[in-house]
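Have a look at the structure below before the remarks.
Residue numbers (our numbering): -5 to 131.
Now the structure itself:
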């Protein structure tokens, strides 16, 4: 089994909050991340796929195709956006990094399978000190 990882980057703003809570309750639970005027991150996302080497191409997956897929389905929708307001696949969710990685997985897993590989892990670095990894259900 071969594991292959593609790194992508995006910058985005968000607010950790629940609409059914007051600003005070959101501040109590989420701290500064619940700022009503948003805050942003320069995210780094790693998409790891796994599979066997295709004897015809020598690839597990064509990295150019994988990169284009990630850009079209994920990065173009997230980069320089307000994640709470502008991203269809995050609508009505609490915009934590945990929710982002699961949402990205749900979109990419079936598409990667069409390229004859399997999604292994989505890792998103929110800051230099915090990252989330998701390996599916």
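For every residue, glycine included, the Cβ atom is placed at its ideal position computed from N, Cα and C.
This one's a predicted model, so the numbers in the text were calculated from it and none came from an experiment.
Taking 6 Å as the limit between beta carbons, can you name the residues of its chain near residue i, skipping five residues before and five after?
| i | result |
| --- | --- |
| residue 103 | 113 |
Checking 8 Å against the spacing of the C-beta atoms, do residue i and residue j come in under that value?
| i | j | result |
| --- | --- | --- |
| residue 95 | residue 87 | no |
| residue 10 | residue 97 | no |
| residue 122 | residue 37 | no |
| residue 64 | residue 54 | no |
| residue 105 | residue 67 | yes |
Please tell me whether residue i has its Cβ less than 8 Å away from any Cβ of chain C.
| i | result |
| --- | --- |
| residue 52 | Looking at the structure shown, chain C is missing, and only one protein chain is on hand. |
For residue i, I'd like the list of residues in its chain whose CB is within less than 7 Å of its CB, leaving aside the five on either flank, ordered along the chain.
| i | result |
| --- | --- |
| residue 21 | 28 |
| residue 81 | 71, 72, 75 |
In chain order, what residues of the same chain have a beta carbon less than 8 Å from the beta carbon of residue i, not counting five sequence neighbours either side?
| i | result |
| --- | --- |
| residue 26 | 33 |
| residue -4 | 44, 45, 46, 47, 54 |
Helix, strand or coil for residue i? Go by DSSP, reduced to three states.
| i | result |
| --- | --- |
| residue 18 | helix |
| residue 1 | strand |
| residue 129 | coil |
| residue 119 | strand |
Per the contact definition of three or more C-beta pairs closer than 8 Å, is the segment 74 to 92 in contact with the segment 3 to 14? yes
Give the list of continuous alpha helix (DSSP H) stretches no shorter than 4 residues that lie fully inside the segment 21 to 82. 57 to 64, 77 to 80
Just checking, does the segment 54 to 62 make contact with the segment 37 to 46 on the three C-beta pairs under 8 Å criterion? yes
Complete runs of the alpha helix (DSSP H) confined to the segment 84 to 113 [at least 4 residues]: 91 to 107
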